[in-house]
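So the protein lines, in turn, are chains Z and D. All residue numbers for the first sequence refer to the numbering used here, where the first residue is 1 and numbers rise by one. All residue numbers for the second sequence refer to the numbering used here, where the first residue is 1001 and numbers rise by one. Even glycine gets a Cβ: it sits at the ideal position worked out from N, Cα and C.
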Amino acid sequence: NAGVMQNPRHLVRRRGQEARLRCSPMKGHSHVYWYRQLPEEGLKFMVYLQKENIIDESGMPKERFSAEFPKEGPSILRIQQVVRGDSAAYFCASSPLMSARPGNTIYFGEGSWLTVV
Amino acid sequence: RKEVEQDPGPFNVPEGATVAFNCTYSNSASQSFFWYRQDCRKEPKLLMSVYSSGNEDGRFTAQLNRASQYISLLIRDSKLSDSATYLCVVIANFGNEKLTFGTGTRLTIIP
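Structure below.
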């Protein structure tokens, strides 16, 4: 029973390039969350998605960042024209549709480490 | 004011000692509370939920004080393997599992 799968685990991009990070939720999970962790900082919420819907994107930077969770396939976090400040760990988490115990059924992937050079 | 505040540490504690972490949250309407553990360059993992009645899991005890908006974690008989960053986490709203993280408290257990 695979957990939350993220790829790539490590990604190096030059300034101005695009970064695409993928997340496959746990089987049976229909909610996906993306978090960013800057060096020496805590995790910050970015976006919450369900299949084909963005539910809450209050943590997404206004420009260059976008996320999707299509009907088929993984969720994708896309960062256009990357800058050095985008270097961070990006964690995806998933949870089932209905949880009787919010917070206790959310699982994190191992993260994608983006380095912008 | 940050939504969730923690003392960043570091806490350097001898093996076998007891150590306590505290956390405060700003949103009085927050619904659910947790402690997570994060090892270096790893994903955060749920350590335990936190309830007003207090809860214990082996050497770990967590407590919530809603009136003071304060959460605590106590680790007894600390082990070398307890070395990690401990994250205080809050869910503000019903209906989703959007987690708000503190910046974490770094703990190092010294042999």
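N- and C-terminal bounds of the beta strand (DSSP E) containing residue i
i, result
"VAL1089/D", "1084-1091"
"CYS23/Z", "19-24"
"VAL1004/D", "1004-1006"
"THR1100/D", "1099-1101"
"VAL116/Z", "112-116"
Under the three-state DSSP convention, the category residue i falls into
i, result
"LEU1064/D", "strand"
"LEU1080/D", "helix"
"ARG9/Z", "coil"
"ASP86/Z", "helix"
"ARG1059/D", "coil"
"TYR1025/D", "strand"
"ILE54/Z", "strand"
"TYR1051/D", "coil"
"GLN81/Z", "coil"
"CYS1040/D", "coil"
"THR105/Z", "coil"
"PHE91/Z", "strand"
"PHE69/Z", "coil"
"SER1030/D", "coil"
"MET60/Z", "coil"
"GLN37/Z", "strand"
"VAL4/Z", "coil"
Strand pairing of residue i, partner residues [DSSP]
i, result
"THR962/D", "Because chain D spans 1001 through 1111 in this model, residue 962/D falls outside it and cannot be assessed."
"PRO96/Z", "HIS29/Z"
"ALA1020/D", "LEU1074/D"
Heavy atom of the ligand MN within 6 Å of residue i beta-carbon
i, result
"ALA1029/D", "Looking for the ligand MN in the displayed structure turns up nothing, as the structure carries no ligands at all."
Can we say the stretch 1002-1013 of chain D touches the stretch 44-64 of chain Z, given the rule of at least three CB pairs closer than 8 Å?
no
The stretch 1059-1092 of chain D: which residues have C-beta closer than 7 Å to a C-beta of chain Z, in chain order?
LEU1087, ILE1091
Residues of the stretch 1095-1107 of chain D with Cβ closer than 8 Å to any Cβ of chain Z, in chain order
ASN1096, GLU1097, LYS1098, LEU1099, THR1100, PHE1101, GLY1102, THR1103, GLY1104
Assess, as a yes-or-no matter, whether the stretch 1068-1075 of chain D is touched by the stretch 83-94 of chain Z under the definition of 3 or more beta carbon pairs within less than 8 Å.
no
Of all the residues that make up the stretch 36-68 of chain Z, which are near chain D by a beta-carbon distance shorter than 8 Å?
GLU41, GLY42, LEU43, LYS44, PHE45, TYR48, ILE55, ASP56
Assess contact between the stretch 24-44 of chain Z and the stretch 1018-1033 of chain D, defined as three or more Cβ pairs (one per stretch) separated by less than 8 Å. Is contact present?
no
Using 8 Å as the threshold, is the stretch 1056-1069 of chain D in touch with the stretch 1086-1101 of chain D, meaning 3 or more CB pairs across them?
no
Pairing CB atoms from the stretch 64-82 of chain Z with CB atoms from the stretch 10-24 of chain Z, are three or more of them under 8 Å?
yes
With 8 Å as the limit, tell me which residues of the stretch 1038-1051 of chain D have their beta carbon closer than that to any beta carbon of chain Z; keep them in chain order.
ARG1041, LYS1042, GLU1043, PRO1044, LYS1045, LEU1046, SER1049
Is the stretch 25-37 of chain Z touching the stretch 1008-1020 of chain D in the sense that three or more CB pairs, one from each, lie closer than 8 Å?
no
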